[in-house]
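*Asks:* Input: one structure, supplied below.
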Amino acid sequence: MKKNILKSILRIIAKKINNIYSPKIIAITGSVGKTSAKNAVSFYLQNFFTTRGSAGNLNNELGLPLVFIGRSEGGQGSIFSWIKIIISGIKLIIKKNKNYPEIIVAEMGADKLGDISYLTEIAKPDISVITFIGDAPSHLENYKNIDELVEEKHKITAFSEVNDFTILNFDDPRVIKVKSRIKSKIITFGFNEGADIRIFDFKYQNKNMFSMPYGILFTLRYKDSSTIIHLPYCLGKPFAYSVAVSVACGIALGIDIEKAKDIFRELRPEPGRLNLIEGKDNYFIIDDTYNASPASVQAALEVLSEINVDRRVAVLGDMKELGDNSVDSHRSIGQMVANNCDILITVGDQASYIKEEALKLGMSLENVYHYSNSWDAGKKIKDMIIPGDMVLVKGSRSMKMENVVDMIKKKE
162 MKKNILKSIL RIIAKKINNI YSPKIIAITG SVGKTSAKNA VSFYLQNFFT
212 TRGSAGNLNN ELGLPLVFIG RSEGGQGSIF SWIKIIISGI KLIIKKNKNY
262 PEIIVAEMGA DKLGDISYLT EIAKPDISVI TFIGDAPSHL ENYKNIDELV
312 EEKHKITAFS EVNDFTILNF DDPRVIKVKS RIKSKIITFG FNEGADIRIF
362 DFKYQNKNMF SMPYGILFTL RYKDSSTIIH LPYCLGKPFA YSVAVSVACG
412 IALGIDIEKA KDIFRELRPE PGRLNLIEGK DNYFIIDDTY NASPASVQAA
462 LEVLSEINVD RRVAVLGDMK ELGDNSVDSH RSIGQMVANN CDILITVGDQ
512 ASYIKEEALK LGMSLENVYH YSNSWDAGKK IKDMIIPGDM VLVKGSRSMK
562 MENVVDMIKK KE
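First residue of the sequence shown: 162, per the working numbering; consecutive thereafter.
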């Protein structure tokens with residue numbers, strides 16, 4: 162009851178703020194890549210407009226209004242903290258802030274049916290973005306089937322008008338199928354031929370003779386224009402997608418693609434999101450522990466497989482909220498691991514299916530380990546890591562896979 166009252170108050174305040182200040186709203190949804198895309202879009206557009214991106218993953222009915230109020234976190238269960246937040250919102254309504262952002266970049270999550278409709282009613286997007294959905298998205302257990310979840314994601318475009326923009330991942334059939342129903346202007350992005358903004362010539366950079374990864378290099382092409390992008394601090398195609406989304410948003414706002422060339426050099430991943438950590442003994446950790454879905458695990462494993470290192474180690478925890486698809490989804494990860502990793506450590510009940518599938522496909526028993534918790538897995542990997550290793554650590558939030566990363570760091 163109290164939460165519903167709070168939701169209603171925040172909703173009213175956020176809508177009123179939007180009516181007064183009329184910022185351009187960029188709303189981003191998808192099962193993978195929302196936060197990275199949001200960060201990249203904010204990073205890019207702040208060079209041209211006063212821009213505010215949502216902090217962390219404030220992407221639900223309580224979090225989204227905070228973006229418009231200008232708060233980076235909620236009341237954390239404290240009624241007094243929530244009252245302060247509400248007062249901050251009321252002040253913006255009573256006395257106009259001349260420095261209010263021109264652009265708001267916000268995530269919109271779809272944990273359950275009706276979420277996107279609720280959020281877009283608070284803040285109608287001028288630019289809607291769908292990053293990636295895939296075949297086994299997270300939160301699937303909260304929907305009847307994947308089609309219902311896909312339809313929920315597509316609702317981000319429901320209020321789009323002819324002068325608005327919708328930005329779609331051309332490489333994902335579940336995203337692009339909504340194209341024919343959209344009233345707004347459309348910009349697609351992706352690696353595949355036919356995308357409006359095409360990513361090509363993607364490759365990794367090495368910093369030294371020891372093949373230390375030093376970011377990624379790729380080219381973006383839009384119509385007759387192209388630009389080379391170098392991201393020294395980022396790894397993997399997911400960041401190329403995020404930059405493509407950013408450039409698409411820029412095009413929608415009248416910014417030429419050539420302007421993007423040098424801006425992204427200082428773009429850095431958030432902790433726990435394909436974050437590369439270098440150990441003192443010439444080993445590396447890919448910290449992707451923030452969360453996990455089949456698509457994001459596949460993307461992380463692809464990064465691991467693409468980098469030239471001596472030994473590839475995957476430490477993988479359960480992927481939660483997959484419903485009836487959980488067993489098959491974990492087994493599919495096991496198939497990918499068997500072909501791309503030298504050592505596998507799994508954590509949790511569901512992750513045991515990753516282990517089983519990898520063994521079935523020929524991975525050596527002496528290179529596969531299983532633990533019930535991340536602490537024990539961390540102790541194991543800490544003792545076995547050697548120079549030249551690249552260790553990917555990933556799993557759902559509840560698995561606390563960051564413990565593994567912390568244990569490896571203690572080796573230092």
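We put the beta carbon where it would ideally sit given N, CA and C, even for glycine.
When we look at the beta-carbon of arginine 473 and count the other beta-carbons within 10 Å, is it buried (16 or more) or exposed?
*Replies:* Buried: at least 16 other Cβ atoms inside 10 Å.
*Asks:* Near alanine 405, which residues of its chain fall below 7 Å by C-beta distance, leaving aside the five closest residues on each side in sequence?
*Replies:* Within the same chain, alanine 405 has close Cβ partners Phe350, Ile358, Ile360, Leu381.
*Asks:* Give me whichever residues DSSP pairs with histidine 391 in a beta bridge.
*Replies:* Histidine 391 is bridged to Leu378.
*Asks:* Do you know how far the Cα of isoleucine 230 is from the Cα of aspartate 287?
*Replies:* Straight-line Cα distance between these residues: approximately 19 Å.
*Asks:* When the Cα of aspartate 325 is compared with those of Asn303, Val290, Asn564, which residue comes out closest?
*Replies:* With distances taken between Cα atoms, aspartate 325 lies closest to Val290.
*Asks:* Tell me the rounded alpha-carbon separation between alanine 198 and valine 266.
*Replies:* Roughly 10 Å separates the two Cα atoms.
*Asks:* May I ask which residues mark the beginning and end of the alpha helix (DSSP H) holding phenylalanine 204?
*Replies:* Element bounds for phenylalanine 204: 195-206.
*Asks:* Rounded C-beta distance between valine 554 and methionine 562? I'm assuming under 8 Å.
*Replies:* About 5 Å; that satisfies the 8 Å criterion.
*Asks:* Closest to alanine 284 by CA distance: which of Ser557, Val311, Lys257, Ser183 is it?
*Replies:* Of Ser557, Val311, Lys257, Ser183, the residue nearest in Cα terms is Ser183.
*Asks:* Between the C-alpha atoms of arginine 429 and alanine 216, what's the straight-line distance to the nearest angstrom?
*Replies:* About 15 Å.
*Asks:* List the endpoints of the continuous beta strand (DSSP E) containing arginine 473.
*Replies:* 472-478 is the extent of the beta strand (DSSP E) around arginine 473.
*Asks:* Look at the alpha carbon of glycine 224 and the alpha carbon of glycine 235, and state the distance between them as a whole number of angstroms.
*Replies:* Taking the straight line joining both Cα atoms gives about 7 Å.
*Asks:* Excluding the five sequence neighbours on either side, which residues of its own chain have a C-beta within less than 7 Å of the C-beta of lysine 540, listed in chain order?
*Replies:* Excluding positions up to five away in sequence, the list reads Met568.
*Asks:* Ignore the nearest five residues each way along the sequence and tell me which others in isoleucine 337's own chain have a CB closer than 8 Å to its CB.
*Replies:* So the list reads Leu329, Asn330, Phe331, Thr349, once near-sequence residues are dropped.
*Asks:* Give every residue of the same chain whose Cβ lies closer than 7 Å to the Cβ of leucine 520, excluding the five residues on either side of it in the sequence, and list them in chain order.
*Replies:* Closer than 7 Å at the Cβ level, and outside the excluded window around leucine 520, lie Leu526, Val529.
*Asks:* Report the three-state DSSP secondary structure of methionine 269 (helix, strand or coil).
*Replies:* It is coil, neither helix nor strand.
*Asks:* Assign glutamine 366 to one of three DSSP states: helix, strand, or coil.
*Replies:* In this structure, glutamine 366 counts as strand in the three-state DSSP scheme.
*Asks:* What first and last residue would you give for the beta strand (DSSP E) that runs through leucine 437?
*Replies:* That run of the beta strand (DSSP E) goes 436-439.
*Asks:* Among Tyr205, Ala538, Lys316, Tyr514, which residue has its Cα nearest to the Cα of aspartate 489?
*Replies:* Minimum Cα distance to aspartate 489 is reached at Tyr514.
*Asks:* So, with DSSP's three-state summary, where would you put asparagine 486?
*Replies:* Helix at asparagine 486.
*Asks:* Return the first residue and the last residue of the alpha helix (DSSP H) that histidine 315 is part of.
*Replies:* 307-315 is the span of the alpha helix (DSSP H), which, as asked, contains histidine 315.
*Asks:* If you drop the 5 nearest sequence neighbours on each side, which residues of the same chain put their C-beta closer than 6 Å to that of glycine 214?
*Replies:* Counting only Cβ-Cβ distances below 6 Å, and skipping sequence neighbours, we find Lys199, Ser203, Val266.
*Asks:* For glutamate 302, is the classification buried or exposed, using 16 other Cβ atoms within 10 angstroms of its Cβ as the cut-off for buried?
*Replies:* It counts as exposed.
*Asks:* Going by DSSP, what residue range makes up the beta strand (DSSP E) through arginine 213?
*Replies:* 212-214 is the extent of the beta strand (DSSP E) around arginine 213.
*Asks:* Round the Cβ separation of phenylalanine 352 and serine 192 to the nearest angstrom and send it over; I've been treating them as touching at under 8 Å.
*Replies:* Contact flag wrong, Cβ pair sits at about 18 Å.
*Asks:* Please list, in chain order, all residues of the same chain as isoleucine 416 whose beta carbon is under 7 Å from its beta carbon, the five residues on each side excluded.
*Replies:* Excluding positions up to five away in sequence, the list reads Phe209.
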